[in-house]
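Trainee:
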Amino acid sequence: MTALNGEFADLLPLFVGEARERLERLATLSTRLPHEPQLAQELRRELHTLKGASRMLSLSAIATLCHAAEAVLQGDAPPPPPLLTRVVDRLAGMVETVAAGEEPSDDTALLEALRSSEPEAGTATPTPAPPATPTVAATAAPTLPAASHSSNVLDELADGAVALRIQARGLARFASRLDELASLAEQGVGEAGPAQVLAVLIASLRREALALERSQRRLAWATESQLEALLSLQMQPLRPFLLTLARHARELARELGKDVEVQLAGEDTSLDRRIVHDLEEAMLHLVRNAIDHGIETPERRRAAGKRPTGTLRIAAAPAGARVRLSIQDDGAGVDPEAVTAAAVARGIVPPGNHPAPEEVLNLLLRPGFSTRRTVSTVSGRGIGLDVVASVASRLGGELSLAWHAGQGTTVTLEVPAARRGQRILVARVGPIRCGIPAAAVQRVEPLHASQVQQRDGQSFVLSEGCLTPFLPLAATLGIEPAPRQMLLRGHVGGEAVAVAVDTVEGEEEVLVQGATNLEREPPLLEGLALLASGEPVAVLSPLALVSGSGVRARRIAMPPPARRRLRVLLVEDSFVTREMERRLLEDAGFEVVGAASAPEALELVAASSFDCVVTDIEMPEMDGLDFTRKLRADPQFAALPVVVVSTRSRREDRLAALQAGADAYFVKQGLDALELVAVVRRLSGR
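Here the sequence shown is numbered in the numbering used here, starting from 2 and rising by one per residue.
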């Protein structure tokens with residue numbers, strides 16, 4: 002009787018957890034052993050400990066394999082690396098079998114290979130016997146350790162912290178509204194007697210607004226601190242995840258009769274545990290594609306002048322506040338002609354068409370697209386790649402693909418390092434209020450009917466000298482469009498696209514609740530969210546919108562627009578406010594470059610020349626006053642005109658800005674566009 006159904010069944014979770022840790026060390030040690038033979042003793046010690054624990058729980062298959070591997074390591078020369086790798090992979094598979102509540106069985110072929118090896122000779126290289134032939138389905142779904150109860154509690158706490166921060170920002174807007182009401186009441190004060198009563202009311206409103214603002218700041222600080230602490234607890238090194246992917250790749254390669262060397266990089270890179278979980282199936286899918294459809298058989302590799310053993314590199318690397326994951330193989334690469342032929346056969350493109358490289362990627366991202374003529378149990382390159390891209394999009398990331406014919410393919414997923422609130426643009430289409438991820442939108446501007454053009458049965462919009470694929474959201478949702486619409490321009494899957502909505506109401510940070518299921522096509526909805534006001538909003542998936550509408554990203558070159566005379570650097574952290582001010586300045590003939598933060602603006606100033614800077618005050622990382630002081634402290638930018646546009650209307654705020662070095666000050670409420678343009682022109686010396 003084993004512990005699976007015996008009195009020690011309650012110890013199995015502890016055994017599985019400890020075994021996984023030991024197997025991580027075994028995997029690391031086995032890769033170093035050929036260059037550091039002294040590690041053999043440490044390897045034997047790890048195997049011996051795992052063997053003892055397995056025997057205590059009557060898990061004989063694990064104990065037997067550990068004993069056989071331990072015996073091989075007794076010799077003076079290390080065993081062949083492929084053999085040791087097979088041992089570690091098989092042990093990992095056995096442990097996962099135990100974790101699933103089943104008893105593992107002996108791997109007789111691997112045991113025979115171990116027993117027939119001759120480490121004493123130092124030069125003998127045993128020929129591994131053919132491995133057992135489990136089905137692809139049995140090895141195609143390795144899983145990470147299941148989330149514990151404490152992990153679920155962390156999830157709830159982290160989500161709660163994000164929600165608290167959003168509510169704190171809602172309090173800030175309420176305080177601002179109180180201040181606006183006080184200003185309106187102040188404007189009604191006259192000489193009559195009731196004015197005294199009104200003055201008292203104004204003073205009370207001011208005090209309450211200040212008290213509310215102080216409370217909001219304390220709440221925001223507390224929730225931000227809590228959120229950062231909780232998010233740090235959610236971070237985990239990617240080593241276990243990458244080792245699982247590597248093991249899966251090796252097992253699949255053996256089943257397909259391919260020789261593959263798996264290389265790992267960036268194992269110490271940390272990523273939010275929840276994002277790792279959401280990415281697991283997507284990354285496994287990419288590994289399957291690389292092994293099955295990317296790397297050739299040894300015979301084909303020899304015929305192509307390559308070494309018979311293929312290479313698969315799985316890498317992770319931090320990229321600022323994001324993490325970049327890549328799957329790179331040295332196989333045949335993507336065949337554009339095969340992609341085109343498959344597209345023609347499906348009626349996607351007309352015969353004789355020769356897609357550009359970026360259009361080849363678009364074809365591969367179409368639902369169910371494949372160059373395979375026969376269906377295998379393992380995915381081919383392109384099968385489900387659209388769903389992988391959708392998963393990345395819903396996580397706030399993106400997918401990219403690069404290849405060299407005959408040399409290999411690299412698929413890269415870039416995702417946020419931690420799951421935080423997502424910024425969305427709140428838009429209205431008819432009676433429907435929806436959210437669009439702000440990361441996918443670069444410009445917001447009015448849509449004029451003259452901009453919309455038809456080419457080859459597809460809608461395009463003319464903007465900045467280029468025709469960009471155009472999607473009227475009202476038509477997609479089956480709603481009558483408004484007479485006047487707003488145009489949202491951005492990039493989806495690396496390609497330009499434009500979407501029309503009736504109005505854009507603002508920008509908010511929300512917590513999107515949605516799924517990242519690979520078993521279905523990308524849904525139109527990315528998820529649901531609550532606004533700071535408590536109202537629900539449906540967040541749309543940009544990738545699904547574009548895929549579902551059949552938009553084919555294409556840019557048609559037009560004559561370049563005339564260069565504007567004055568360059569203005571616009572520094573504003575609010576996307577909507579920045580776009581409103583950008584449009585105002587561009588309509589006046591300025592060339593405008595936007596920056597979402599003061600540090601970004603400092604980089605832009607150092608890298609390029611500007612005639613004037615227009616900046617907000619309240620921004621993260623560095624406020625507008627400190628930004629202005631830094632400009633004034635640098636002799637190179639000391640004379641650069643700075644105009645402040647802020648929500649602060651108090652006299653002391655104006656004085657603080659002028660003392661910091663600002664040349665002019667405007668209040669956002671009731672902003673006089675003509676006056677702002679005139680001041681920018683005057684300060685720029687034009």
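Heads up, the beta-carbon is just placed ideally off N, CA and C, and yes, glycines get one too.
Distance, Cα to Cα, Ser118 vs Ala406?
Mentor: Taking the Cα positions, Ser118 is about 40 Å away from Ala406.
Trainee: Does the Cβ of Leu246 have 16 or more other Cβ atoms within 10 Å, making it buried, or fewer, making it exposed?
Mentor: buried
Trainee: Quick one: grab the DSSP three-state call for Met284.
Mentor: helix
Trainee: Let me check one thing: in DSSP terms, what residues is Thr469 bridge-paired to?
Mentor: Partner(s): Val462.
Trainee: Please report the distance separating the alpha-carbon of Ala403 from that of Thr310.
Mentor: 22 Å
Trainee: Name, in chain order, the residues that DSSP records as bridge partners for Leu211.
Mentor: Answer is none; Leu211 lacks a bridge partner.
Trainee: Does DSSP put Arg289 in a helix, in a strand, or in coil?
Mentor: helix
Trainee: Less than 8 Å between the CB atoms is what I'm expecting for Arg91 and Leu66, so what's the real figure, rounded?
Mentor: 6 Å
Trainee: Mind checking whether Thr261 and Ile296 have CB atoms under 8 Å apart?
Mentor: Looking at the sequence shown, residue 261 is not Thr but Val. Yes.
Trainee: Taking DSSP as the reference, what is the three-state secondary structure of Ile557?
Mentor: Summary for Ile557: the model assigns pLDDT 36, below 50, so the residue's position carries little reliability, and this model does not support an answer.
Trainee: In the DSSP assignment, what residue or residues form a beta bridge with Ala428?
Mentor: Per DSSP, Cys435 and Val505.
Trainee: Return the CA-CA distance between Ile63 and His249, expressed in angstroms with no decimal places.
Mentor: Taking the straight line joining both Cα atoms gives about 19 Å.
Trainee: So for Glu37, helix, strand or coil by DSSP?
Mentor: coil
Trainee: Compute the distance between the beta-carbons of Leu632 and Leu626, then report whether it is under 8 Å.
Mentor: no
Trainee: How about Glu506 and Ala439: are their beta carbons less than 8 Å apart?
Mentor: Cβ atoms of Glu506 and Ala439: not closer than 8 Å.
Trainee: Mapping DSSP to helix, strand and coil, what is Phe667?
Mentor: strand
Trainee: Using three-state DSSP, classify Ser451 as helix, strand or coil.
Mentor: Note: Ser451 maps to helix in three-state DSSP.
Trainee: Measuring CB atoms only, is the region 311-331 touching the region 251-269, in the sense that at least three cross pairs come out at less than 8 Å?
Mentor: yes
Trainee: Determine the burial state of Ser327: buried for a count of at least 16 other Cβ atoms within 10 Å of its Cβ, exposed for fewer.
Mentor: buried
Trainee: With distances taken Cα to Cα, identify the nearest neighbour of Glu512 among Ser464, Val462, Gly436 and Glu604.
Mentor: As written in the sequence, residue 512 is Leu, which differs from the Glu given in the question. Answer by Cα proximity: Gly436.
Trainee: Based on Cα-Cα distance, which residue from Gln408, Leu532, Glu587 and Ala419 lies nearest to Arg323?
Mentor: Ala419
Trainee: Are the Cβ atoms of Glu582 and Glu573 separated by less than 8 Å?
Mentor: yes
Trainee: Taking 8 Å as the cut-off, decide whether the C-beta atoms of Ala665 and Pro543 are in contact.
Mentor: no
Trainee: With DSSP run on the structure shown, which of helix, strand or coil describes Ala78?
Mentor: coil
Trainee: What are the residues that DSSP puts in a beta bridge with Cys67?
Mentor: In the DSSP secondary-structure assignment, Cys67 is not bridged to any residue.
Trainee: Distance check for Arg274 and Leu15, CA to CA, integer angstroms please.
Mentor: Whole-angstrom Cα-Cα distance: 20 Å.
Trainee: Note down the Cα distance separating Ala657 from Arg424, rounded to an integer number of angstroms.
Mentor: 31 Å
Trainee: Restricting to runs no shorter than 4 residues, where is the alpha helix (DSSP H) found entirely within the region 386-423?
Mentor: 386-395
Trainee: Can you check which of these residues, Val606, Leu112, Asp108 and Ala266, is closest to Ala72 by C-alpha distance?
Mentor: Leu112
Trainee: Which term fits His150, buried or exposed, when burial requires 16 or more other beta carbons within 10 angstroms of its beta carbon?
Mentor: Only weak support exists for where His150 lies, its pLDDT of 43 falling under 50; the value from the coordinates is given anyway. The residue is exposed, with fewer than 16 neighbouring Cβ atoms inside 10 Å.
Trainee: Using beta-carbon positions only, say whether Ala346 and Ile292 come within less than 8 Å of one another.
Mentor: 8 Å or more divides the Cβ of Ala346 from the Cβ of Ile292.
Trainee: Taking Val646 as part of the beta strand (DSSP E), name the residues at either end of that continuous run.
Mentor: Val643 to Ser647
Trainee: Could you tell me which of Leu285, Gly332 and Asp279 sits nearest to Glu300, measuring between CA atoms?
Mentor: Gly332
Trainee: Under the rule that 16 or more other beta-carbon atoms within 10 Å means buried, what is Pro79, buried or exposed?
Mentor: Flag for Pro79 reads buried.
Trainee: When DSSP labels each residue in this structure, what does Val593 get in the three-state scheme?
Mentor: strand
Trainee: Where do the ends of the beta strand (DSSP E) carrying Pro238 lie?
Mentor: Met236 to Pro238
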